[in-house]
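J.:
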Amino acid sequence: MTEPRYLYSALTRLRTVSTSRRADLLREEVDLAAVLKGARPGGMDPKLARALEGLDTGRCMEEDRAVEAGGAVIVAFTDPSFPRALRCLPDPPPALYLKGDPGVLGHPSVAVVGSRMATVYGKNAAETLSADLAREGFTVVSGLARGIDTAAHEGSLNVRGRAAAVLGTGIDRVYPPENRDLAGRILREGGVLLSEYPPGTPPLPGHFPVRNRLIAGLAWAVVVVEATERSGSLITARLALEGGKELFAVPHNITSRTGVGPNTLIRRGARLVQRVEDLIEEMPDFLRGEMRRPSPGEEDSGTGAARKEAVAVLDLIPADGSLHADELAVRAGLEMSRLLPLLLELQMAGLCVELPGMRFTRKGVG
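Set out below in structure tokens:
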């Protein structure tokens, strides 16, 4: 008898039908084993029936066993460990391929997404916010793409937080290739990679918008950091709203191409987020009890020290002129990798402004 996970994972190969049509096979009254052997329940959609005719279940099982031998785990829709949040989707995946610790998906999660063409401001915003979310106990979910997704994963990992990456390829193929090291780091540091696509699936453009429903589905809230007018992140935002999730957006320069998306979302009702407290204020009570708060010692040594550094940097920024980031780094005695997050914090607090050419001027203080 074929094990259930192989029956359900076979359905991930039905690429010529929509995810909603495929989900018809996940109803309790459907005898999936019989369907895969050729039975066709009355009223089955003809297109779905044709897709099933071309399914080679033997080959599917061979591919699945090979990917399991490589360290992946296959979780069927009916398995108790299948993520609860995804089970509630109108078109849930029939199976998931996972590597790493699936337990991170059981914690309250926030998705941080945005443009692949990220600016320095956007990357710093995503990294800083993701680090703060991870410190608060959230699992940070993103899509392992270039730009904002990469910064979000790195932010959570830099503070030893929980990271979950949803792939738009097979679990055995990391895209983009330059993020292979990042994917390895997620696994080494206790995170998880997951995909609904079968082994060997390449990074086809149409896969990523479909993948985005899983990113939105896993999260309590979605944060859009940067997005162009036609960005896939706006698809994630729409899916979040349709799924009853909270939607946040980081405000951006009105002249920036990647600022169009988040600024438009804010204008249409998305909550503006400047710091992690803006999200926590909106949390329902049942989630608050699941969060890990930092101990007094952690807060004093981490957050307190960061605030002192930010104040010291602000004191160096002129109100009647500007300074280049390089000059600020020299005067503050800080590495650029440390200075930029502090400058971002000051910008998001409305205390300084970035001018063209990475120059900064003080705002709103005497």
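Just so we're aligned, residue -5 is where the sequence shown starts under our numbering, counting upward by one. Ideal placement from N, C-alpha and C gives every residue a C-beta, glycine not left out.
Got a sec, what are the start and stop residues for the alpha helix (DSSP H) lysine 41 sits in?
T.: That run of the alpha helix (DSSP H) goes 40 to 47.
J.: Does the Cβ-Cβ distance between leucine 273 and alanine 215 come in under 9 Å?
T.: Yes, the pair counts as a contact, with Cβ atoms nearer than the cut-off.
J.: How about the region 87 to 96 and the region 220 to 238: do they share at least three Cβ pairs that are nearer than 8 Å?
T.: No: the two stretches stay apart, fewer than three of their Cβ pairs being nearer than 8 Å.
J.: Excluding the 5 residues flanking glutamate 57 on each side, which residues of the same chain have their C-beta closer than 8 Å to its C-beta?
T.: Closer than 8 Å at the Cβ level, and outside the excluded window around glutamate 57, lie Pro192, Pro193 and Gly194.
J.: Can you tell me whether serine 295 is buried or exposed? The criterion is at least 16 other CB atoms within 10 Å of its CB, across all chains shown.
T.: In this prediction, serine 295 has a pLDDT of 42, which is less than 50 and means its spatial position is unreliable; nothing more can be read from the coordinates.
J.: With the cut-off set at 9 Å, would you say valine 134 and valine 160 are in Cβ contact?
T.: Result no, Cβ atoms of valine 134 and valine 160 do not sit closer than 9 Å.
J.: Could you check which residue in Lys239, Asn152, Leu308 and Met342 has the C-alpha nearest to that of histidine 246?
T.: It is Met342 whose Cα lies nearest to the Cα of histidine 246.
J.: Check whether the Cβ atoms of glutamate 220 and glycine 141 sit closer than 9 Å, and answer yes or no.
T.: Against a cut-off of 9 Å, the Cβ pair of glycine 141 and glutamate 220 comes out as a contact.
J.: Under DSSP, the beta strand (DSSP E) around glutamate 220 begins and ends at which residues?
T.: Per DSSP, glutamate 220 belongs to no beta strand (DSSP E) and is neither H nor E.
J.: Should the region 193 to 211 be regarded as contacting the region 110 to 122, the criterion being three or more beta carbon pairs within less than 8 Å?
T.: No contact exists between the region 193 to 211 and the region 110 to 122.
J.: Any beta-carbon of chain D closer than 9 Å to the one on serine 75?
T.: Among the chains of the structure shown, chain D does not appear; only one protein chain is present.
J.: Quick test of the definition: if touching needs 3 or more C-beta pairs under 8 Å, does the region 146 to 162 touch the region 175 to 190?
T.: Contact between the region 146 to 162 and the region 175 to 190 is present, because at least three Cβ pairs lie under 8 Å.
J.: Which first and last residues belong to the beta strand (DSSP E) in which valine 186 is found?
T.: Looking at the DSSP string, the run of the beta strand (DSSP E) that includes valine 186 is 186 to 189.
J.: Throw me the rounded Cβ distance for the alanine 125 and asparagine 152 pair, which I believe falls under 8 Å.
T.: At roughly 6 Å, the Cβ-Cβ gap stays under 8 Å, so alanine 125 and asparagine 152 are in contact.
J.: Can you tell me whether threonine 10 is buried or exposed? The criterion is at least 16 other CB atoms within 10 Å of its CB, across all chains shown.
T.: So threonine 10 ends up on the exposed side.
J.: So, at 7 Å on beta carbons, what are the nonlocal neighbours of glutamate 373 in its own chain, with the 5 sequence-adjacent residues on each side left out?
T.: Since the first residue of the chain shown is -5 and the last is 360, residue 373 is not available in this structure.
J.: So, is cysteine 54 buried or exposed, given that buried needs 16 or more other C-beta atoms within 10 angstroms?
T.: Classification of cysteine 54: buried, given that the 10 Å Cβ count is 16 or more.
J.: In angstroms with no decimal places, state the Cα-to-Cα distance between lysine 31 and leucine 20.
T.: Spanning the two alpha carbons is a distance of roughly 16 Å.
J.: Going by Cα to Cα distance, which pick from Pro35, Arg7 and Asp166 is closest to alanine 63?
T.: Of the candidates Pro35, Arg7 and Asp166, the one whose C-alpha sits nearest the C-alpha of alanine 63 is Asp166.
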